[in-house]
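If you read the sequence shown in full-length UniProt numbering, its first letter stands for residue 1, the second for the next number, and so on.
Right, one structure below, let's go through it.
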Amino acid sequence: MSEEDKVASTDRVADEPKAETHKREHEEGDVQENKRPKVEIPEGMSKSAWKKLQKRKKWEETKPQYLAEKREKRKLARQRRKEREQEEEGEQNYHQMRKSKNLPTEQKATGINFIMDCEFDDLMNDKEIVSLSSQIARCYSAKRHCQYEVGLEISSFNKNLKERFEKAVSQYKLWKGLPFKENEKLSDIIDETQKDKYVYLTADTNEVIEQLEPDTTYIIGGIVDKNRHKKLCVNKAKELGLKVGRLPIDKYIKMNGRQVLATSHVYEIACKWFENDKDWGKAFNEVLPPRKIKAHGTLSEPAEPATESSVEPEANQLARKLVIVGDGACGKTCLLIVFSKGTFPEVYVPTVFENYVADVEVDGRKVELALWDTAGQEDYDRLRPLSYPDSNVILICFSVDSPDSLDNVLEKWISEVLHFCQGVPIILVGCKSDLRNDPDTIEQLRQQQQQPVSSSEGQAVATKIGTQYYLECSARTGEGVKEVFEAATRASLKTKEKKEKKKKFYRYT
């Protein structure tokens, strides 16, 4: 036997005890693994019930991760769908299509400019500051959506008003085309050599403006004071040596009470005046809510002068405020327009701030329902809270063809509403119910491994968040629309009555 064979033989002999030891240790390990600790089932609980309980605990532990993965999966599905649309339409056409839906591609020049004079900050309380900030936001929305370029800037933007914006609408710094001048008062902006090109708008004058003149700047007094302070704007104009004027309201409509307009209404009327071929009558009727208008003549013809009897408010007329929230493009605006105007808008334009008014009669009571539309996109999360003050009822909407929008009711909308509108009745509304059985919708959702939201799923969410009602409707077909707003009106009336009863109780005890 060679030396190499002897060495190999010796190595095999030496390895045999190690192999036996390893085998024995492996077998002992298997025995230990097979000996699972005995589970103690609580007394009085069956084994099946205990297993279900353990399964439920495991689900609660893994639920956040599961939901996060599910959201990511839906996000990727939306991204893939967008990519498919881009491939089908072409990248250039796709972006053109998206842009044309949102805003006018090009605004026509007018040569008109407006300044909102906010130097009256100290004369307003907190509630009035909130109202003014909401009106400025609506002016910005009107400016962006107008087919004509009507200039607007804010002067004396400081103190309480600026603090309100910083707190609730910090994105105002990104608003294009609307300069907020913090350190410049109206007197700093006015060109002393061209004072004849400035007109301070006020209801306290007999000088009527028949039309808006090019190369002229119109000044709006930025104040909400419920008519406590008289002739503020007139006195300010005299102090600065400026002309004054008022819109020709009484020539075209009859108003309830004094002919004083909100700051946002003045600017919106100017925008609509251009869009309606410089017709004041149409502009007034499109912008002013019915509660301000007693009666109106032919849109393009002056109305008869108002008399004392014609400005008395209608008896038993109640006013309530409804705010509608939900994901972008879930059907909120279509629902409001169909109910208030009876027409279905075919083109989708994302909302920033829009108001509508409708007269509703429930249980023999006439109610003027102010409908506040809001933007659902995340870009407007800081702007939306301006709509919530003094709400009487909230509609949280989702789209039947978008399971994601129902998920967001739980993840986003209910917490926001409860934070800003504690104690206000909430109604959950499933919009676009006509798409539940639509073949194209079903196929698109199937490709994303989803399906339309069922009525039972919507009802389950409504029960979970504690809403007063769960209703479904279709703005396109009109089915269920009337029922939604009748239920909302009843809910708003009950809440108001409870508040009034509490006030009376504390007053007389």
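In this text, a Cβ means the ideal position worked out from N, Cα and C, and glycines have one as well.
At the C-beta level, Ser405 and Phe398 come within 8 angstroms of one another. Within its own chain, the residues whose Cβ lies closer than 6 angstroms to the Cβ of Pro179, once the five positions on either side in sequence are excluded, are Glu153, listed in chain order. CA-to-CA, the gap between Gln451 and Met116 works out to about 49 angstroms. Contact holds between the segment 159-166 and the segment 115-129, because three or more Cβ pairs, one in each stretch, are under 8 angstroms apart. Secondary structure at Cys397: strand, using DSSP grouped into helix, strand and coil. The beta carbon of Val424 sits closer than 8 angstroms to those of Ser391, Asn392, Val393, Ile394, Val417 and Thr495, all from its chain and outside the five residues before and after it, given in chain order. The secondary-structure analysis by DSSP pairs Lys108 across a beta bridge with Tyr148.
Beta-bridge annotation (DSSP): Glu207 is not paired with any residue. With fewer than 16 other Cβ atoms inside 10 Å of its own Cβ, Val39 counts as exposed.
Taking C-beta atoms as the reference points, Leu242 and Lys195 count as a pair closer than 8 angstroms. In this structure, the straight-line span from the alpha carbon of Pro214 to that of Gly151 is close to 11 angstroms. Around the beta carbon of Lys176, a 10 Å sphere encloses fewer than 16 other beta carbons of the protein chains shown; the residue is thus reported as exposed. Secondary structure note for Gly342: it is in no alpha helix (DSSP H), with a DSSP letter that is neither H nor E. The alpha-carbon of Ser387 is positioned some 34 angstroms away from that of Gln65.
CA-to-CA, the gap between Glu268 and Tyr148 works out to about 12 angstroms. For Ile465, the uninterrupted alpha helix (DSSP H) run begins and ends at Ser455 to Ile465, by DSSP. In this structure Leu369 touches Thr489 by the C-beta definition: roughly 6 angstroms separates them, less than 8 angstroms. One thing to note: Glu472 has its Cβ within 8 angstroms of the Cβ of Ser455.
Ser415 has its alpha-carbon roughly 10 angstroms from the corresponding atom of Cys421.
Counting the other Cβ atoms within 10 Å of the Cβ of Trp59 gives fewer than 16, which makes it exposed. Under the three-state reduction of DSSP, Lys185 is assigned to coil, being neither helix nor strand.
The Cβ-Cβ distance between Leu410 and Ile324 does not fall below 8 angstroms. In the three-state scheme derived from DSSP, where H, G and I count as helix and E and B as strand, Cys431 is classed as strand. Linking Gly222 to Gly458 through their CA atoms gives a straight-line distance of about 44 angstroms. Beta-bridge partners of Ser155 (DSSP): Asp117 and Lys181. For Thr343, the number of other beta carbons within 10 angstroms of its own is below 16, and it is reported as exposed. Distance from the Cα of Thr463 is smallest, within the candidate group Ile426, Tyr198, Gln444 and His229, for Ile426.
DSSP assignment within the segment 365-394 yields the following whole beta strand (DSSP E) runs of 3 residues or more, N-terminal first: 365-374.
For the 8 angstroms CB-CB criterion, Val362 and Val481 do not form a contact. Inclusion of Arg446 and Val400 in the CB contact set at 8 angstroms is not warranted, their separation being larger than that value. Shown here, Val260 sits in coil according to DSSP, grouped into three states, outside any helix or strand.
Per DSSP, reduced to three states, the secondary structure at Gly281 is helical. Following the DSSP letters along the chain, one finds Ile41 in no alpha helix (DSSP H), marked with neither H nor E. By the CB criterion at 8 angstroms, Tyr252 and Trp273 fall outside the cutoff.
In this structure Val234 touches Asp204 by the C-beta definition: roughly 5 angstroms separates them, less than 8 angstroms.
In chain order, His265, Glu268, Ile269 and Lys272 place their CB closer than 8 angstroms to the CB of Val287, counting only its own chain and leaving out the 5 sequence neighbours on each side.
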